[in-house]
Each structure stands twice: as structure tokens, then as C-alpha cells.
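Enquirer: What follows is a single structure, and I will ask about it in a moment.
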Amino acid sequence: NAGVTQTPKFQVLKTGQSMTLQCAQDMNHEYMSWYRQDPGMGLRLIHYSVGAGITDQGEVPNGYNVSRSTTEDFPLRLLSAAPSQTSVYFCASINGMGTEAFFGQGTRLTVV
Amino acid sequence: DAKTTQPTSMDCAEGRAANLPCNHSTISGNEYVYWYRQIHSQGPQYIIHGLKNNETNEMASLIITEDRKSSTLILPHATLRDTAVYYCIVRVEGSSNTGKLIFGQGTTLQVKP
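Below, the structure written as C-alpha cells:
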């Protein structure tokens, strides 16, 4: 999708390992968000940011940390991976009026 | 943000109009209705949004009832590539919640040949 770069596309972790999912946008959007999507389920909001230096929790924040040091970047950190965090993760970038919402291609994470 | 209710699934014949309903009976006066869709394995895609008046763009039309308690997304000539999960979301435009998109279960639209 235009303007949102999400890496990696696939990742396998062992229980207890940590990792960072990267998300970058070049559209100067104010809002960025992280979602997870489990098989057959809808997207659930993990954390979101309304601007550089400002983050807040979403629906399922436990086990994840975020930071927004720049407008462009919004990394998601898994502190100690658990099998329950096996999911597909999407990063979103949204403009101020909500009329432009771009999502990354997703990261398929498996925790064994 | 107001809660929305959508049917779980719908079918539509290719080439025909697809009409996807959404109920939002607790919508507030300053809340907009947004529609997104998610094609299999991809990230969601913005379709259209509106406040009171009906809206149309190159992808779809949005019809909002006069009391604003429900709306219908219309895909005028559905194609097989329109098969997706469609999400109706209600929220205040331009607020701090703009980036806080909460997705429900949505409607799975199956377009059949």
C-alpha cells in the first residue's frame, strides 16, 4: 500500500524472545496505529499515536510497547513473546480528517 | 464512538448492485459514518465517509437515513474483486479519536459469478 512500509513480512519467534516490528510512513500523517488480526477475526487495536511523542493504548495493549519519536516511524515492540501473540500485525497511517487511511502489508508472526 | 451493527455475511451476483446495511442507532450529531473494506490477507482500505448527506465517489455510494440511525453502502456494479469484509465505523472527524479506528466484525460480501 502506498506510503506505509512495514517490516518484516514474516517472523518466527521462540517463547520469551523479544522483537520490534517496524512501521514507517512518508505521507506526514498525524495518526498511526497498530492492529492484530487473528484467524477468522476482525482487527483489534493494540496501540495508537496522535502525533510524535504521544501514544495511547487500544483494545489489546498488554505485552506490547510503542513509541513515536518522529512523525514517520511507529515501531511496535514485543517484550517477551508468547504463543498467544501469534497473529498477523498491521500498521496504519491516517490523516487528520480520517479520509486517508493506509495500511501496511502485514507481518505474519508465529511464536513457538 | 457509537456502536454499529452489520449483517455477518451477504452474497451478490457479479454485475449487480451490492447494498450493505449498517445500523448505528446511538450515533451522535457530530459523528461521521466511515466505510472500509479488507480484501483477503491485505490491509483495510478506506472507501467513503459521510455525515448527513448522501455521498458518492469512484468506488461507492453512501446513503444515510434522515434520522442518521442507519446507512447503506452501495457498490453499483459489483465485481469478483469486490469480495471482501466491509466495515462500518462511526466516529468524530478530525478528533483525537480519528486514528483510533475500532473495527467490529464487519460484513463478509461474497460476489458470485
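Heads up: the sequence lines are chains A and B, in that order.
Residue 3 is where the first sequence starts when you use the working numbering, and the numbers rise one by one after that.
Residue 104 is where the second sequence starts when you use the working numbering, and the numbers rise one by one after that.
Glycine is no exception: its CB is placed at the ideal position from the N, C-alpha and C atoms.
Keep in mind the model is a prediction, meaning the values are calculated, not measured.
Bridge partners for Gln-213 of chain B per DSSP, in chain order?
Expert: Gln-213 of chain B pairs with B:Asp-114.
Enquirer: Ignore the nearest five residues each way along the sequence and tell me which others in Thr-9 of chain A's own chain have a CB closer than 6 Å to its CB.
Expert: Hits under 6 Å: Gln-24.
Enquirer: Measure the Cβ-Cβ separation of Ser-112 of chain B and Thr-210 of chain B and say whether it is below 8 Å.
Expert: Yes, they are a contact pair.
Enquirer: Give the DSSP bridge partners of Gly-53 of chain A, in chain order.
Expert: According to DSSP, which records beta bridges pairwise, Gly-53 of chain A is partnered with A:Ile-56.
Enquirer: Please state whether the Cβ-Cβ distance between His-127 of chain B and Lys-155 of chain B is less than 8 Å.
Expert: No, the pair does not count as a contact, with Cβ atoms beyond the cut-off.
Enquirer: DSSP three-state label for Leu-154 of chain B, please.
Expert: Note: Leu-154 of chain B maps to coil in three-state DSSP.
Enquirer: On the DSSP bridge list, what partners appear for Met-21 of chain A?
Expert: Per DSSP, A:Leu-80.
Enquirer: Skipping 5 residues on each side, what residues in its chain have a beta carbon closer than 7 Å to that of Gly-100 of chain A?
Expert: If we look at Gly-100 of chain A and ignore the five residues flanking it on each side, it has no Cβ neighbours.
Enquirer: Nearest chain A C-beta to His-143 of chain B closer than 8 Å, yes or no?
Expert: Closer than 8 Å: no.
Enquirer: Going by beta carbon distance, what residues of the same chain come within less than 8 Å of Leu-15 of chain A, once the five residues before and after it are set aside?
Expert: Met-21, Leu-80, Ala-83, Leu-111, Thr-112, Val-113, Val-114, listed in sequence order.
Enquirer: Between which two residues does the beta strand (DSSP E) harbouring Gln-102 of chain B extend?
Expert: Limits of chain B in this structure are 104 at one end and 216 at the other, which puts residue 102 of chain B out of reach.
Enquirer: What residues match up with Ile-96 of chain A in a beta bridge as DSSP calls it?
Expert: The partner list for Ile-96 of chain A (beta bridge, DSSP) reads A:Tyr-33, A:Ala-103.
Enquirer: Cα separation between Gln-27 of chain A and Gln-213 of chain B?
Expert: Taking the straight line joining both Cα atoms gives about 32 Å.
Enquirer: From Val-188 of chain B to Cys-115 of chain B, what does the alpha carbon distance come to, in whole angstroms?
Expert: Answer to the nearest angstrom: the Cα atoms are 13 Å apart.
Enquirer: Buried or exposed: Arg-194 of chain B, going by 16 or more other Cβ atoms within 10 Å of its Cβ?
Expert: Its Cβ being crowded by 16 or more others within 10 Å, Arg-194 of chain B is buried.
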